[in-house]
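J.: Numbering (this note's numbering), first residue to last: 144 to 444. Submitted below is the structure of interest, expressed as structure tokens.
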Amino acid sequence: MAKGEIVLGCLAPHPPHVVYAENPEQNEAFSEGGWETLRWGYNRLARKLKTIDYDAMVIFTPHWQTYIGTHFLGLPEFKSKSVDPVFPNIFRFNYDISVDVELAEKMCEVAGESGIITKMMRNPDFRIDYGTITSCHMLNPEWDKPLVTISSNRNAHYYSPEVMNEQAGALGKACAKAIEDSGKKVVLISSHSLSHRHFVTESPLPEDMSREHIYNHSQYVWDMKLVDMMRGGKMREVIDIMPEYTEQTIAETEAGGLTWMMSAMGYPDYPAEIYGYQSVIGTGNLIAAWDPMEATREIVL
């Protein structure tokens, strides 16, 4: 059997506002648009994905939080409604998700063998988090690829961002080995914003773009520092400063998603493809991708 491989890594922020603005039939709320910089960036990255041959998407989400170990979805289908607990007015999404259980079980097994506490989630009534749904819908609105969803063990909460970084890196290595052993071609997705200080009130019209801006200038400066390092192919250095960045910007990187993905991809030393950056309720959101194939790697922005 041929070795499996990671064919693309995607940083895919999940503010539910971008799904709301797209008005897909699965979402009950209706909008007049908004957040076009992010949406158009997602649209372009989704078109790139259509040109890539792959078997499954593997997504690490900060909104499936587990405190004992790392969990993986373990049933072939999950079908229900996901309502955002903070923004129920804009996100009430009826989902029907297929899961690559074989790949999920392989990741669970290999991670367990490496010393990581793992568990398969086999509750048919388990509600899929809006982070998974938002990132995957924006990257693949046809929903024609199976998923593996990985929970975020809250090491940063119990211990420190440094422990989070170490544990997420170990999980990334284990997942990479499982993918290689599986023989499958996989797209990795790290679902989160960058800086994550956000406003505590909402405008009467959520899609009023005159109200959108980054929470403060220091958040923006930190985010741009990371973007510059990504453009320069300095992902090892990005992960090295991740604990400080996370503490300074209250970033969603605290869940470990970016560290997990970069570890699985061997800390790329080639430039990231940058698809767009925009604020949503004060948070900094970057869409980026890492293409291991030099022939198909692009300078997007």
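Cβ coordinates follow ideal geometry from the N, Cα and C atoms, glycine included. Computed from a prediction, not measured in an experiment: that's the story for all the values here.
1. Specify the secondary structure class of Thr344 as computed by DSSP and reduced to three states.
2. Do you know whose CA, among Pro411, Val150, Glu395, lies nearest Arg297's CA?
3. Mind reading off the beta-carbon distance from Pro159 to Thr344? Whole number of angstroms is fine, and I expect it under 8 Å.
4. To the nearest whole angstrom, what separates the beta carbons of Ala398 and Ser295, a pair I think is in contact under 8 Å?
5. Since Met405 is in the beta strand (DSSP E), which residue starts that stretch and which ends it?
6. Between the Cα of Arg440 and those of Pro284, Cys251, Gly376, Arg270, spot the shortest distance and give me the residue it belongs to.
7. Would you mind sorting Tyr185 into buried or exposed? The rule is 16 or more other CB atoms within 10 Å of its CB.
8. At a cut-off of 7 Å, is His360 close to the ligand FMN when judged by its beta-carbon and the heavy atoms of the ligand?
9. Measure the CB-CB distance between His339 and Thr275 and report whether it falls below 8 Å.
10. For Asn296, which beta-bridge partners are listed by DSSP?
11. Tell me the residue span of the beta strand (DSSP E) that contains Ile382.
12. Expressed to the nearest angstrom, what Euclidean distance is found between the alpha-carbon atoms of Glu179 and His341?
13. Let me check one thing: in DSSP terms, what residues is Glu441 bridge-paired to?
14. Considering only residues of the same chain and omitting the five flanking positions on each side of Glu380, which have a CB-CB separation below 8 Å?
15. Since Leu154 is in the beta strand (DSSP E), which residue starts that stretch and which ends it?
T.: On the basis of the coordinates in this document:
1. Note: Thr344 maps to coil in three-state DSSP.
2. Comparing alpha-carbon positions, the option among Pro411, Val150, Glu395 lying closest to Arg297 turns out to be Glu395.
3. The pair is not a contact, with the Cβ atoms about 17 Å apart (cut-off 8 Å).
4. About 4 Å separates the beta carbons of Ala398 and Ser295, which is inside the 8 Å limit, making them a contact pair.
5. According to the DSSP assignment, Met405 belongs to no beta strand (DSSP E) but to the alpha helix (DSSP H) extending over 400-407.
6. Considering only alpha carbons, the answer is Gly376.
7. Of the other Cβ atoms in all chains shown, 16 or more fall within 10 Å of the Cβ of Tyr185; this residue is therefore buried.
8. No copy of the ligand FMN appears in this structure; indeed no ligand is present at all.
9. No, the Cβ-Cβ distance between His339 and Thr275 is not below 8 Å.
10. Answer by DSSP bridge pairing, in chain order: Thr209.
11. Ile382 -> not in any beta strand (DSSP E); alpha helix (DSSP H) instead, spanning 378-383.
12. One C-alpha to the other measures close to 19 Å.
13. Glu441 is not bridged to any residue.
14. Once the five neighbours on either side are set aside, the close Cβ partners of Glu380 are Met372.
15. Leu154: member of the beta strand (DSSP E) spanning 148-154, first to last residue.
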